[in-house]
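Visitor: Right, I'll just put the structure down here and ask away after.
Residue numbers (the working numbering): 644 to 1240.
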């Protein structure tokens, strides 16, 4: 792991920390003034709309072009000759190739605009009457549509920023946009609240539009500043699409798409986009189903539970996944790494630095996720209700049903889902960075099967049999079904990773035993799980008898909290002692790996 990779990861974690902190403050304020119906409409239905459009329009393009980052950096270096830029014989010139990549950055716009118009129209025609009758629903829906269009317009500048490796600027822009969104949303909702008006939907929509406008303006602003110097250099540096020529300088037919985008880039982006269609349903399928089978008020409780539960996933897992994806894409580029049987059939053959670094990174990340997963599973469920009581207060409408409240049950289940989300993110980053187009197409077909498994699991766990026998609600059933889907994807990702390493590095193998926590560590967490759950059961009567208006912390609750803190400290001590050699290896790989890697 290079110093550059570590800096990128820390920057993205910092961005997500600030973003989630502001979102947390926003939710904590609005949950007291906005209705559960408004929160459910925004966080479930509107979020599904906007995420579906953006995911379908840009995810495949982002993934495909991320593999060209090293190439784009070389091509954009004015001091390098064509030989230094490693252009193969017969390939387009450096100017043409760079422009092909720039043109591909604009693909999300023609894909997303018609798709967004169609999807928003279908939603408006099919939305439930009770949802559409909320105050300012029409205006809010229009604002969300405009926000999607603005974000699509910002996408070429965003991709260019990523290809140029300007992570710091991205962090500043997105941090500014989140701050603007938080301030404007709070202002509109609180202004309406103090004047006796329900401006919940309008406030969320105005904040989302302000966020998208901020992204578009800040991402594009450097490209509209006055430039000086050589006119030809300035022309090539500008970010706008234009038709290219072939390697001999002869123009290609204007009607041909290849005169704008390289066929290899287009083919890879198409394969990833086709895969993203199914992946989007697997990602947002829970919200889609919740919006159809649950009352709008329960959707608000589910949305709030997801907001709290996803704090860890967004702050920690997402930046790690993005950073590792960039590293894997650069290190495992199939155009630079020969198959092992082409290189050498000897098991003693040297493993390329890029592959070795990727194997080490993948193993270390899986080990970290498994250790974090033990913490989530052990300490999350017994302390969910206490945490919600502290965050929302005893009088919260979301907790009026006590331990059977939607938000409590969903968050308990989500604690078991978090480790699966982290593992799946890392393995999918590896697969999408290393897989050939044929393998990506095979994965797309498998995703169709996983989609069917997800739907079948939802039907099974939300049935009357599951409700009566397993005592789970429809909301919890969806979390369980998501976990089943994640397990399928994790198994495929792990098997693919093993096969890939066997093909590329004969002397290396991926073993789960190398990544799994030690037996002593697992035993310590099992004991802690028994202790904390016994503590929760012992003081469950205190949870049930606490009445609104009484003091938040009783003696029993404080004892339960101290029990958890002591158990966590004990587990961390056992982990530090039993896995000190592994921890030392990880720290050494982060701090001492040469930049050449």
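We put the CB at the ideal spot given by N, CA and C, even for glycine.
Small disclaimer: the values here were computed from a predicted structure and weren't measured.
So what's residue 1074 in DSSP terms, helix, strand or just coil?
Guide: helix
Visitor: Does the distance from the C-beta atom of residue 1055 to that of residue 1027 stay below 9 Å?
Guide: Taking a C-beta distance under 9 Å as the contact criterion, residue 1055 and residue 1027 qualify as a contact pair.
Visitor: DSSP state of residue 1144, grouped into three classes?
Guide: helix
Visitor: Mind listing, in chain order, the continuous alpha helix (DSSP H) runs of no fewer than 4 residues lying wholly within the segment 1102-1183?
Guide: With a minimum length of 4 residues, the continuous alpha helix (DSSP H) runs that stay inside the segment 1102-1183 are 1107-1112, 1117-1147, 1155-1158 and 1162-1181.
Visitor: Would the beta-carbon of residue 848 fall within 9 Å of that of residue 689?
Guide: yes
Visitor: Going by DSSP in three states, residue 1059 sits in which element: helix, strand or coil?
Guide: helix
Visitor: Mapping the DSSP letters down to three states, classify residue 1003 as helix, strand or coil.
Guide: helix
Visitor: Under DSSP, the alpha helix (DSSP H) around residue 831 begins and ends at which residues?
Guide: Residue 831 -> alpha helix (DSSP H) spans 810-837.
Visitor: Does residue 796 come out as helix, strand or coil in the three-state DSSP assignment?
Guide: helix
Visitor: Might you give, ordered along the chain, the residues of its own chain that have their beta carbon closer than 6 Å to the beta carbon of residue 835, omitting 5 neighbours on each side?
Guide: 842
Visitor: When the Cα of residue 1125 is compared with those of 778, 925 and 1080, which residue comes out closest?
Guide: Of the candidates 778, 925 and 1080, 925 places its Cα closest to the Cα of residue 1125.
Visitor: According to DSSP, is residue 803 helix, strand or coil?
Guide: helix
Visitor: Are residue 1010 and residue 1159 closer than 9 Å when you measure CB to CB?
Guide: yes
Visitor: Going by beta carbon distance, what residues of the same chain come within less than 7 Å of residue 681, once the five residues before and after it are set aside?
Guide: 777, 843 and 844
Visitor: How long is the line joining the alpha carbons of residue 1224 and residue 829, rounded to whole angstroms?
Guide: 48 Å
Visitor: What is the rounded straight-line gap between the Cα of residue 947 and the Cα of residue 739?
Guide: 49 Å
Visitor: With DSSP collapsed to three states, give me the class of residue 873.
Guide: For residue 873, the predicted model reports a pLDDT of 48, less than 50, meaning its position is unreliable; a value from the coordinates is still stated below. Residue state, collapsed to three classes: coil.
Visitor: Excluding five sequence neighbours on each side, which residues of the same chain lie with their C-beta closer than 6 Å to the C-beta of residue 667?
Guide: none
Visitor: Given residue 988, which residues of its chain have a CB within under 7 Å of its CB, disregarding the five upstream and five downstream residues?
Guide: Note that residue 988 scores a pLDDT of 46, beneath 50, so its modelled location is shaky; the value from the coordinates is reported in the next line. If we look at residue 988 and ignore the five residues flanking it on each side, it has no Cβ neighbours.
Visitor: Pick helix, strand or coil for residue 842, following the three-state DSSP scheme.
Guide: coil
Visitor: On the criterion of 16 or more Cβ atoms from any shown chain inside 10 Å, does residue 935 qualify as buried, or is it exposed?
Guide: Burial call: exposed.
Visitor: Check this for me: beta carbons of residue 1031 and residue 707, under 9 Å apart or not?
Guide: no
Visitor: Just the C-alpha distance for residue 1104 and residue 961, rounded to the nearest angstrom, thanks.
Guide: 28 Å
Visitor: Which residues in the same chain as residue 1139 place their Cβ atom closer than 6 Å to its Cβ, once the five residues preceding and following it in sequence are excluded?
Guide: The answer, listed in chain order, is 1074.
Visitor: For the candidate residues 855, 709 and 937, whose alpha-carbon lies nearest to that of residue 636?
Guide: In the structure as shown, the chain begins at 644 and stops at 1240. Residue 636 is therefore absent and cannot be evaluated.
Visitor: Are residue 1021 and residue 1210 close, meaning C-beta to C-beta below 9 Å?
Guide: Cβ distance < 9 Å, so residue 1021 and residue 1210 count as in contact.
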